[in-house]
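Residue numbers (this note's numbering), protein chains in the order written: chain A, 85 to 302; chain B, 85 to 302. We treat Cβ as the ideally placed atom computed from N, Cα and C, and that holds for glycine.
Protein chains: 2
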Amino acid sequence: MSKVRFSLAMSLDGYVAGPEQSLENPLGVGGMRLHDWAFPLAAFRREHGLEGGEVNASTPIVEETVVNVGAYVMGRNMFGGGTGPWPEEPWNGWWGDDPPYHTPVFVLTHHAREPLVMQGGTTFEFVTDGVEAALGQARAAAGGKDVVIAGGASVVRQALGAGLVDEVNVSLVPLLLGGGERLFDNLGDARPELEQIRAVDAPGVTHLKYRVLGPASG
Amino acid sequence: MSKVRFSLAMSLDGYVAGPEQSLENPLGVGGMRLHDWAFPLAAFRREHGLEGGEVNASTPIVEETVVNVGAYVMGRNMFGGGTGPWPEEPWNGWWGDDPPYHTPVFVLTHHAREPLVMQGGTTFEFVTDGVEAALGQARAAAGGKDVVIAGGASVVRQALGAGLVDEVNVSLVPLLLGGGERLFDNLGDARPELEQIRAVDAPGVTHLKYRVLGPASG
Chain A
85 MSKVRFSLAM
95 SLDGYVAGPE
105 QSLENPLGVG
115 GMRLHDWAFP
125 LAAFRREHGL
135 EGGEVNASTP
145 IVEETVVNVG
155 AYVMGRNMFG
165 GGTGPWPEEP
175 WNGWWGDDPP
185 YHTPVFVLTH
195 HAREPLVMQG
205 GTTFEFVTDG
215 VEAALGQARA
225 AAGGKDVVIA
235 GGASVVRQAL
245 GAGLVDEVNV
255 SLVPLLLGGG
265 ERLFDNLGDA
275 RPELEQIRAV
285 DAPGVTHLKY
295 RVLGPASG
Chain B
85 MSKVRFSLAM
95 SLDGYVAGPE
105 QSLENPLGVG
115 GMRLHDWAFP
125 LAAFRREHGL
135 EGGEVNASTP
145 IVEETVVNVG
155 AYVMGRNMFG
165 GGTGPWPEEP
175 WNGWWGDDPP
185 YHTPVFVLTH
195 HAREPLVMQG
205 GTTFEFVTDG
215 VEAALGQARA
225 AAGGKDVVIA
235 GGASVVRQAL
245 GAGLVDEVNV
255 SLVPLLLGGG
265 ERLFDNLGDA
275 RPELEQIRAV
285 DAPGVTHLKY
295 RVLGPASG
């Protein structure tokens with residue numbers, strides 16, 4: 085069955101980005117270390133056009149992340165290009181001409197923009213009427229496949245708080261960042277009930293999967 | 085080799101107690117659910133003088149917690165009896181005449197008190213000169229066995245921040261408490277580097293073990 089899911093790397097103290105995030109350092113101080121476990125993997129390198137690399141217990145997790153995905157939703161900060169109205173010189177994302185999505189990607193923004201068709205099947209569509217609308221459009225476009233919330237944390241929090249997420253994937257990293265952006269914060273009374281599906285012990289990381297119980301989409 | 089360690093149950097959003105902690109509700113609103121995975125276990129019930137119960141992947145984790153322990157350190161709040169000077173009517177802990185420690189227990193407090201000898205080998209000793217002193221006395225009393233910081237979270241944070249912990253055990257529960265007392269918070273620049281040793285997928289919980297790298301006791 086089609087579901088809405090996300091996969092994020094989180095430090096043991098709950099951060100998905102370190103302190104002092106900036107355009108030059110979008111993951112904040114120390115935040116890149118959240119992905120140290122992934123960089124050596126062949127599965128990760130392949131996605132980024134590189135050869136070689138390792139196979140370990142993280143490999144099937146990384147592969148699973150991109151399987152059966154029909155559409156993505158992401159926040160404006162993740163798409164990039166600064167805040168406010170779109171600039172004259174168009175910003176077309178961080179990923180070059182052939183972004184690694186290969187599906188429609190719905191970008192949540194306050195500023196309308198025409199769809200942006202890239203190579204390899206990626207089309208960025210810009211949604212200005214909120215996370216529920218973005219997820220609805222993504223689900224319709226996904227053709228029965230899953231919708232993945234690519235990030236950032238604030239879009240994930242909005243979707244969780246609105247009961248629109250079916251599955252939570254957290255890669256828990258043995259790192260205390262001490263500050264930054266917390267994933268599970270300010271969810272208020274809308275925070276969902278979770279059921280643990282799986283925990284995978286891998287080198288330098290534990291991959292956790294939870295099903296969202298109660299009010300969720302689908 | 086002797087080490088200083090702790091084992092705490094933590095929600096996915098980082099809390100070891102829910103909001104609105106009180107004398108009547110020391111784990112706060114919803115905090116008791118942090119231990120839902122443990123209550124059905126035979127290993128847990130046996131420690132509390134009850135028969136029956138289950139055996140599952142959590143069983144060896146619970147058993148390991150109490151093996152090779154030579155002394156405990158705990159905070160005044162965990163020992164109980166309110167705050168401030170000790171009352172006339174002596175408070176001797178929550179655990180009756182035969183507490184489940186069976187070793188010396190060093191209670192960190194601002195208020196001096198004579199040692200309290202209980203049945204079954206438990207002796208409460210009251211330490212007024214800080215966490216480092218309490219851990220030093222516990223280590224001396226432990227006779228080469230491990231020292232366990234029983235809690236609460238503030239003592240664990242003090243010990244972590246002072247580089248006095250060798251091993252971190254977290255039982256991560258699929259629960260979003262939304263508020264309360266966070267375990268890994270306000271550690272500042274003293275927060276330690278961790279190495280993941282193990283993750284165990286058990287019913288309703290994931291048991292994580294980390295070794296503290298860098299400045300630690302021992």
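Residue i to residue j, Cα distance in whole Å?
i: glycine 245 (chain A); j: glutamate 277 (chain A); result: 11 angstroms
i: leucine 297 (chain A); j: glutamate 108 (chain A); result: 38 angstroms
i: glycine 264 (chain A); j: tryptophan 178 (chain A); result: 22 angstroms
i: valine 191 (chain A); j: serine 238 (chain A); result: 13 angstroms
i: valine 289 (chain B); j: glycine 164 (chain A); result: 37 angstroms
i: methionine 202 (chain B); j: proline 183 (chain B); result: 7 angstroms
i: proline 124 (chain A); j: glycine 136 (chain A); result: 9 angstroms
i: asparagine 152 (chain A); j: glutamate 216 (chain A); result: 21 angstroms
i: alanine 283 (chain B); j: glutamate 138 (chain A); result: 21 angstroms
i: serine 255 (chain A); j: leucine 118 (chain A); result: 9 angstroms
i: phenylalanine 210 (chain A); j: serine 106 (chain A); result: 23 angstroms
i: valine 157 (chain A); j: glycine 180 (chain A); result: 18 angstroms
i: serine 301 (chain B); j: glutamate 198 (chain B); result: Only weak support exists for where serine 301 (chain B) lies, its pLDDT of 39 falling under 50; the value from the coordinates is given anyway. For serine 301 (chain B) and glutamate 198 (chain B), the distance between alpha carbons rounds to 27 angstroms.
i: leucine 200 (chain B); j: proline 258 (chain A); result: 39 angstroms
i: glycine 168 (chain B); j: serine 91 (chain B); result: 27 angstroms
i: glutamate 172 (chain B); j: arginine 266 (chain A); result: 45 angstroms
i: arginine 160 (chain A); j: lysine 229 (chain A); result: 23 angstroms
i: valine 253 (chain A); j: valine 240 (chain A); result: For the record, residue 253 (chain A) in the displayed sequence is asparagine; it is not valine. Taking the straight line from one Cα to the other gives about 11 angstroms.
i: valine 150 (chain A); j: glycine 102 (chain A); result: 25 angstroms
i: glutamine 280 (chain B); j: glycine 205 (chain B); result: 34 angstroms
i: alanine 93 (chain B); j: leucine 134 (chain B); result: 21 angstroms
i: histidine 195 (chain B); j: histidine 186 (chain B); result: 24 angstroms
i: proline 174 (chain A); j: proline 110 (chain A); result: 20 angstroms
Mind checking who residue i pairs with in its DSSP beta bridge?
i: proline 188 (chain A); result: A:Thr207
i: glutamine 280 (chain A); result: A:Tyr294
i: serine 238 (chain A); result: Paired residues: none, contrary to the question.
i: aspartate 230 (chain B); result: B:Val153
i: serine 106 (chain B); result: Serine 106 (chain B) is not bridged to any residue.
i: arginine 89 (chain B); result: B:Val232, B:Glu251
Just to confirm, are residue i and residue j a CB contact at a threshold of 8 angstroms?
i: arginine 89 (chain B); j: aspartate 250 (chain B); result: yes
i: aspartate 120 (chain A); j: leucine 260 (chain A); result: no
i: alanine 127 (chain A); j: valine 113 (chain A); result: no
i: proline 188 (chain A); j: alanine 225 (chain A); result: yes
i: serine 142 (chain B); j: alanine 286 (chain B); result: yes
i: alanine 340 (chain A); j: alanine 155 (chain A); result: The shown model of chain A, from 85 to 302, leaves out residue 340 (chain A), and the question about it has no answer.
i: threonine 193 (chain A); j: threonine 207 (chain A); result: no
i: glycine 272 (chain B); j: glycine 262 (chain A); result: yes
i: glycine 214 (chain B); j: methionine 162 (chain B); result: no
i: leucine 219 (chain A); j: valine 231 (chain A); result: yes
Any C-beta of chain C sitting closer than 8 angstroms to the C-beta of residue i?
i: proline 169 (chain B); result: Structure shown: chain C not included; protein chains present are A and B.
(request) Jot down the residue ranges of each uninterrupted alpha helix (DSSP H) in the segment 133-189 of chain A, minimum 4 residues, whole runs only, in chain order. (result) Runs of the alpha helix (DSSP H) inside the segment 133-189 of chain A: 143-150, 160-163.
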